[in-house]
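A.B. asks:
Residue numbers (full-length UniProt numbering): 1 to 305.
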């Protein structure tokens, strides 16, 4: 059994490959040929341990991600096994995988749900997730400019992102960003809604990916009310973990409004036909981690025999 570092993952997996591997894994889940293990959190004092996993026979892998949270900081590792004979194959650092898979899944959701044509992209949060979303969305879509909202970001962050993605990037305020954007990504740890849902333009696609805690939310009830569908990575986990859903007024979010990404990717969807905006809410699931751990292992070592 080997250990694969974040540096090796980043060097041997491209965003396009990650998107393709995730599409295949979500389609397997939609067909009922993959199984997920929900996140379990255990805490003593200020130390938290979390685990989540997946069984992906069609991809050839089984595994779990295990991580600690101490003082708001995460340390991740993935345990990867063969789905053919059950033997352990590798441990992997999982910070790079977590960053790549989250943005790549947003790309898949946006390809199915976002408006076509040139768009202004607004991103709330200039950390690793916000930055990766700018990179992958600018590569996958006709983004004409990026509006970055982060009260702690320095002007040099915007100029660096502009060089990296080849688009104008401007630091601005929430209201201005929301009123101008056709695509919005919220990648914050905010406990309260980041902007009034009434300001969102008709037709806008929102990806809320910043939190998986039931007491925090990035979107308000008005945004949820306006959405024709709220697409989630896994409904079973999202309705327990996503504060955007848990804290919502039930009248804004009837059960039928929440649909899984696997269903959207598997065929025609009415996600845009009812309501005037579309929301994708992600809490992060084991399918994403194990699919990309398997991709990285295959690219670095080869397919397990």
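We put the beta carbon where it would ideally sit given N, CA and C, even for glycine.
Okay, do the segment 99-119 and the segment 156-171 touch, 3+ Cβ pairs below 8 Å being the bar?
C.D. replies: No: the two stretches stay apart, fewer than three of their Cβ pairs being nearer than 8 Å.
A.B. asks: Just verifying my parser: in three-state terms, what is the DSSP assignment at residue 7?
C.D. replies: Numbered from its first residue, the chain shown carries residue 7 at position 7. Correct three-state label for residue 7: helix.
A.B. asks: If you draw a straight line from the alpha carbon of residue 69 to that of residue 267, how long is it in whole angstroms?
C.D. replies: By one-based count along the chain shown, residue 69 stands at place 69. By one-based count along the chain shown, residue 267 stands at place 267. Taking the straight line joining both Cα atoms gives about 38 Å.
A.B. asks: Does the segment 141-148 come close enough to the segment 114-121 that 3 or more CB-CB pairs lie under 8 Å?
C.D. replies: Yes, the segment 114-121 is in contact with the segment 141-148.
A.B. asks: Assess, as a yes-or-no matter, whether the segment 248-260 is touched by the segment 176-184 under the definition of 3 or more beta carbon pairs within less than 8 Å.
C.D. replies: No, the segment 176-184 does not touch the segment 248-260.
A.B. asks: Where does residue 285 fall in DSSP's three states?
C.D. replies: In the chain shown, the residue the question calls residue 285 occupies position 285. Coil, per DSSP.
A.B. asks: Buried or exposed: which applies to residue 114, given that a residue is buried once 16 or more other Cβ atoms fall within 10 Å of its Cβ?
C.D. replies: Within the chain shown, residue 114 is the residue found at index 114, counting from 1. Classification of residue 114: buried, given that the 10 Å Cβ count is 16 or more.
A.B. asks: What are the residues that DSSP puts in a beta bridge with residue 87?
C.D. replies: Start at 1 with the first residue of the chain shown, and residue 87 comes out as number 87. Its beta-bridge partners do not exist; DSSP assigns none.
A.B. asks: Can you list, in chain order, the stretches of the beta strand (DSSP E) that have 3 or more residues and sit fully within the segment 97-185?
C.D. replies: List check, beta strand (DSSP E) in window: 119-124, 143-149, 169-171.
A.B. asks: Report all residues from its chain with a CB closer than 8 Å to the CB of residue 265; omit the five preceding and five following residues, and keep chain order.
C.D. replies: Here the question's residue 265 lines up with position 265 in the chain shown. The residues are 23, 26, 27, 30, 108, 112.
A.B. asks: Assuming residue 56 and residue 243 are in contact, meaning their beta carbons sit under 8 Å apart, how far apart are those beta carbons, in whole angstroms?
C.D. replies: Taking the first residue of the chain shown as 1, we reach residue 56 at position 56. Taking the first residue of the chain shown as 1, we reach residue 243 at position 243. Not quite, the Cβ-Cβ distance comes to about 28 Å (not below 8 Å), so this is no contact.
A.B. asks: My guess is that residue 179 and residue 169 are in contact by the Cβ rule of under 8 Å, so how many angstroms apart are they, rounded?
C.D. replies: For the purposes of this step, residue 179 is taken as residue 179 along the chain shown, with counting starting at 1. For the purposes of this step, residue 169 is taken as residue 169 along the chain shown, with counting starting at 1. Between residue 169 and residue 179 the Cβ distance is about 18 Å, and since that is not below 8 Å, they are no contact.
A.B. asks: Count the other CB atoms within 10 Å of the CB of residue 2; is the residue buried (16 or more) or exposed (fewer)?
C.D. replies: Position 2 of the chain shown, counted from the start, is the residue given in the question as residue 2. Its Cβ having fewer than 16 others within 10 Å, residue 2 is exposed.
A.B. asks: Checking 8 Å against the spacing of the C-beta atoms, do residue 291 and residue 136 come in under that value?
C.D. replies: Working through the chain shown from its first residue, we reach residue 291 at position 291. Working through the chain shown from its first residue, we reach residue 136 at position 136. Contact: no.
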